Structures are given as structure tokens and as C-alpha cells.
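Numbering (the working numbering), first residue to last: 1 to 280.
Structure first, commentary second.
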DNA sequence: AGTTAAACCTGGTTGC
DNA sequence: TGCAACCAGGTTTAAC
């Protein structure tokens with residue numbers, strides 16, 4: 001589920017309330033993608049720092065004891081996988097069958113619900129140390145980073161022969177777009193998803209980057225997309241899916257030209273495309 | 001080296 | 001109604 005907008009919406013819902021919160025206890029449910037990597041009891045006594053996002057990951061710093069000294073300092077790298085969501089609960093009910101991680105603090109319980117369990121909660125001593133760095137180091141640029149210029153974006157695309165949709169999904173050129181926003185950004189840019197990345201001209205690359213930024217920004221305004229599972233930290237659903245131009249609209253009319261939106265499959269994933277609005 | 005399948009899970013929807 | 005097949009927001013890992 002969660003692509004960059006959903007993860008960022010989640011971050012915005014938990015960062016301020018949890019800043020400086022004291023961890024009272026923590027518990028794990030069923031196994032997630034990877035083991036926590038540290039006895040869960042050792043999280044108690046920690047103080048939560050500023051939650052930051054990198055790609056679709058959240059980094060939740062924890063420090064123990066005096067700020068400068070503690071050898072126990074580190075944090076949690078969180079990922080919501082396909083079906084995860086985080087809730088910050090004032091009073092947490094008994095965990096349900098899909099509640100796989102609780103961080104109980106004096107400001108409420110941060111609870112991860114994830115039916116499919118593709119999500120992750122992993123301890124690391126820092127974002128830049130293993131195991132977090134193993135996951136984060138391979139990520140591409142943040143989409144809103146001004147350092148990601150159209151020229152750099154175009155140069156990166158030129159190094160790739162794969163379909164542009166697959167390159168967006170891979171996240172090693174630019175992070176943040178998953179299946180929904182990759183489809184939507186390509187539609188907004190008028191580029192067919194099957195176009196080889198290295199065949200995209202400089203002006204079209206610039207257009208794609210702008211479209212990606214616009215799409216992600218609009219989704220942020222709408223609280224992300226809720227297809228099934230996603231809710232923000234307060235339990236609210238996103239609304240972007242209601243104004244998606246192509247995603248999930250196979251067989252329906254294109255909102256721009258009235259033609260029929262098609263579903264094709266690329267890299268085992270559904271791609272939605274308007275063949276008349278999107279050209280190779 | 002770069003691209004593409006397989007794998008990890010659960011549950012909802014579709015079709016026979 | 002039952003059951004099999006297919007589909008779903010992701011991404012690491014293994015295999016061409």
C-alpha cells in the first residue's frame with residue numbers, strides 16, 4: 001500500500017506527538033519481514049527523537065540515558081510493506097491478530113497493523129550503520145530534493161534500458177513512487193509506461209519529473225490513497241484514489257480524452273495506461 | 001552488470 | 001454455496 005505520500009502522512013501524524021516521548025514497553029506479534037535484531041524488552045526506557053522519512057522507510061530514533069553517553073542509542077527502521085499502517089493510540093485495546101508491533105510510550109501506543117506482514121521493524125544503531133544502511137544506501141534521490149535536477153534525472157534514465165515504469169518502481173533513480181503514483185505520474189507526463197527509459201528525451205524527462213512531483217504533492221494534500229488497508233496515524237483514510245486518472249480504471253473512460261484505459265502487466269505488476277494520451 | 005522471475009504473507013473479489 | 005484462481009499499495013533475493 002503505502003507509497004511515499006502515505007508514509008509521509010503517517011510520519012506527520014506521529015512525529016510531533018512522539019518527540020521526547022518515553023518508551024514504557026514494547027511488544028512484538030507475529031514475525032515481520034525481518035527480526036527486530038534486539039531483545040524487544042531493551043526498547044523500554046528509551047526516549048523517542050524526531051521521526052524522519054527516507055523513501056518509504058521511517059526512522060524513529062531512540063536514545064537511552066544521557067544524550068551523549070549511551071551505548072544503547074539507536075533507533076527503529078520501519079517499513080509498512082504492502083498492507084501496513086501505523087496508529088498512535090491514546091489507549092490501546094488488546095492487540096488484534098494483525099497487530100505485530102507496539103511501542104508503548106507515555107504519549108500513547110504506536111501500533112503497527114500489517115495483515116500481509118511484508119512490513120518491517122528493525123533495530124539499528126543508526127541510519128548509517130547496518131542493518132539500516134544496507135536498506136537505505138541503495139535508494140535513489142528523494143523526489144522533492146532540489147538537487148535532483150531535470151538534467152540529472154534525464155542522465156539517470158539514459159543509463160537504463162528497462163521500461164520507464166519499472167525504473168520508477170525500482171526506486172534506485174528516484175524513490176517514492178509505487179504502483180499507483182508511477183502510473184499516475186506517467187499519465188500526467190503523457191509517457192507510455194513501456195517506453196524504454198533510455199529513449200526518453202530531455203524535455204520529456206523534465207516533464208516526467210515535474211509530473212511525479214505534482215502527483216506526489218497532490219496525494220499528500222489528500223492524505224494519500226486508501227485502497228483497502230491504509231489509514232493515517234489517527235485512523236483517517238486517504239482520498240487520492242478517488243481522483244486517480246488511470247490507476248484501477250481499466251475499461252473505464254480516460255478522464256482526459258474519453259478513450260478506454262487499459263491494464264497491461266509489466267514486471268508482474270498491473271500498469272494502467274491510456275494508449276492515446278500516453279506515447280512512447 | 002543489468003533485467004527479470006520467485007519469494008515472502010493474508011484476505012478480498014471473481015468466476016465456474 | 002463452495003471452492004479454485006486471481007488480485008492487491010513492496011522489495012529483497014535468487015536466477016537468467
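Ideal Cβ placement from N, Cα and C applies to all residues, glycine included.
Please read these numbers as outputs of a predicted model, since none were measured by experiment.
Opening and closing residue of the beta strand (DSSP E) in which residue 39 lies: It is not in any beta strand (DSSP E) - residue 39 carries neither H nor E in the DSSP assignment.
Label residue 154 either buried or exposed according to how many other C-beta atoms from any shown protein chain fall within 10 Å of its C-beta, with 16 as the threshold for buried. buried
With 16 other Cβ atoms within 10 Å as the buried cut-off, status of residue 11: Residue environment for residue 11: buried (at least 16 other C-beta atoms within 10 angstroms of its C-beta).
Could you spell out where the beta strand (DSSP E) holding residue 265 opens and where it closes? 262-266
Residue 79, buried or exposed, once every other Cβ within 10 Å from all chains shown has been counted against 16: buried
Excluding five sequence neighbours on each side, which residues of the same chain lie with their C-beta closer than 7 Å to the C-beta of residue 107? 17, 18 and 21
In terms of residue numbering, what span does the alpha helix (DSSP H) encompassing residue 61 cover? Where residue 61 is concerned, there is no enclosing alpha helix (DSSP H), although the beta strand (DSSP E) it sits in stretches over 57-63.
Does the contact criterion of 3 or more C-beta pairs under 8 Å hold for the stretch 154-170 versus the stretch 131-139? no
For the beta strand (DSSP E) holding residue 154, just list the boundary residues, first then last. Going by DSSP, residue 154 is part of no beta strand (DSSP E) but of the alpha helix (DSSP H) stretching over 150-158.
Span separating the alpha-carbon of residue 354 from that of residue 140: No answer is possible for residue 354: the residues shown for the chain start at 1 and end at 280.
Residue 191 and residue 110: beta carbons closer than 8 Å? no
When burial is assigned at 16 or more other CB atoms within 10 Å of the CB, is residue 225 buried or exposed? buried
My understanding is that residue 55 touches residue 175, with C-beta atoms under 8 Å, so please give their C-beta distance in whole angstroms. Contact holds; Cβ gap of about 4 Å.
Selection from 76, 187 and 42 that minimises the alpha carbon distance to residue 136: Of the listed residues, the one whose Cα sits closest to residue 136 is 76.
Compare the Cα-Cα distances from residue 51 to each of 127, 101 and 43 and report the closest residue. 127
I'd like to know whether the C-beta atoms of residue 62 and residue 74 end up nearer to each other than 8 Å. yes
Residue span of the beta strand (DSSP E) that contains residue 269, given as start and end: 269-273
If you draw a straight line from the C-alpha of residue 151 to the C-alpha of residue 202, how long is it? 7 Å
Work out the CA separation of residue 184 and residue 244 for me, nearest whole Å. Rounded to whole angstroms, the gap between the alpha carbons of residue 244 and residue 184 is 7 Å.
Selected residue, minimal CA-CA separation from residue 209, among 237, 177 and 223: 177
Nearest-angstrom Cα separation, counted from residue 235 out to residue 158: Computed Cα separation, rounded: 42 Å.
Among the residues of its own chain, which have a CB less than 7 Å from the CB of residue 211, if the five just before and after it don't count? 185, 188 and 189.
Minimum C-alpha distance to residue 4 - residue among 219, 233 and 27: 219
When the Cα of residue 72 is compared with those of 26, 217, 42 and 88, which residue comes out closest? 42
In three-state terms, what does DSSP make of residue 214? helix
With distances taken from CA atoms, which of 213, 173 and 180 is nearest residue 197? 173
Mapping the DSSP letters down to three states, classify residue 197 as helix, strand or coil. Residue state, collapsed to three classes: helix.
Please classify residue 29: does DSSP put it in a helix, a strand, or coil? coil
Between 103, 259, 239 and 248, which lies nearest to residue 9 when the distance is taken from Cα to Cα? 239
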